[in-house]
Each structure stands twice: as C-alpha cells, then as structure tokens.
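Trainee: Residue numbers (this note's numbering): 26 to 165.
C-beta atoms are modelled at their ideal positions from N, C-alpha and C, and glycine is treated no differently.
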Ligand SMILES: [Zn+2]
Ligand SMILES: [Zn+2]
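#1: Suppose the cutoff is 6 Å on Cβ atoms and the five residues either side in sequence are ignored; what does the same chain contact list for residue 72 look like?
#2: Who are the Cβ neighbours of residue 81 in its own chain at under 6 Å, not counting the five residues just before and after it?
#3: What ranges does the alpha helix (DSSP H) occupy inside the segment 83–132, keeping only unbroken runs of at least 4 residues that lie completely in it?
#4: Considering just the uninterrupted stretch of the beta strand (DSSP E) at residue 51, what are its terminal residues?
#5: Measuring only the C-alpha atoms, how far is residue 103 from residue 35?
#6: DSSP on residue 161, reduced to helix/strand/coil?
#7: Counting by C-beta, which residues lie closer than 5 Å to a heavy atom of ligand 2, in chain order?
#8: Measuring CB to CB, does residue 101 end up less than 7 Å from residue 57?
#9: Check whether chain D comes within 7 Å of residue 124, counting only Cβ atoms and requiring the distance to be less than that.
#10: Count the other CB atoms within 10 Å of the CB of residue 164; is the residue buried (16 or more) or exposed (fewer)?
#11: Assign residue 55 to one of three DSSP states: helix, strand, or coil.
#12: Just to check, is the beta-carbon of residue 35 closer than 6 Å to a non-hydrogen atom of ligand 1?
#13: Check whether the Cβ of residue 124 lies closer than 6 Å to any heavy atom of ligand 1, and answer yes or no.
#14: Taking 6 Å as the cut-off, does the CB of residue 127 come closer than this to any heavy atom belonging to ligand 1?
#15: Nearest by alpha-carbon distance to residue 41: which of 113, 90, 122, 62 is it?
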C-alpha cells in the first residue's frame, strides 16, 4: 500500500497517510477560504484508518458547516498550518490538505466543490467539473 508522508510548516506535526484518495477535490467554501487565506483548497479524502499522526499533537477547531454537519479542522498549534478536516458524519475519512504532503505533485482534482462561493478572480481549469455544492448533492 502506498504510504505518503506530510506535516506542517514548522515540523512539530507529522503524519502518514496510506492508500489512494477516495475523492480529489478543490473546495471553494468560505470556511476553507478563511482558514487557508487562499481562494480554494486542494484536498483528498483518505481512509482515516490508514491515516495517523506520527509526531506532535495538532489542535482542533470544530465549526458547523453549510451542510449543518460539524467539521473538525485539525491544525498545528505552533505554526498554524491547516492539516486536515473531518466531518462528523464521515469519521471513516479524513480530508487531507494536499499541499501539506511532502510531495503534493501527484494530486489530480476530480471536482470543484462549493463553487457557488468561488472567487471571480480565481482561475478554474475548464477540464475539472464545478459543482454549486457537492457532486450529486451528497451531503458531506
Ligand atoms: Zn507546525
Ligand atoms: Zn471547504
């Protein structure tokens, strides 16, 4: 099984993530925009069973999302790097921030989600479909 490593900017938190992404996305929701300072966030949904923190103890911030679900945002308390999110209804997956992997170059986005709040100045690849919220109205 493929194992990818990653961590935060300062190195206090390190993780390992096994397996392949279940879904590769770019999220344009306002929460991701605020939390990252960027117009969208590249993320991959990975198995939470095959994901583990191998160094440090990240902090958690829980916010209620558009969908009504609680979203836990996990980040380094020292340098502030957002590492991954977990949705209360899908504890079997973690949404890892692609650019926190040591090598983020393999990422291939399948969808733009929450495109309803995309910034007009952000660039969109026309080959990647965009959805107002989630593809197929999935509620997570
Ligand atoms: Zn850090
Ligand atoms: Zn988002």
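Mentor: Let me lay it out:
#1: 44
#2: 37, 38
#3: none
#4: 48–52
#5: 7 Å
#6: helix
#7: 52, 54, 57
#8: no
#9: Annotation note: the requested chain D is absent from the structure, which comprises a single protein chain.
#10: Bear in mind that a pLDDT of 48 at residue 164, under 50, signals an unreliable position, so the model cannot answer this.
#11: helix
#12: yes
#13: no
#14: no
#15: 122
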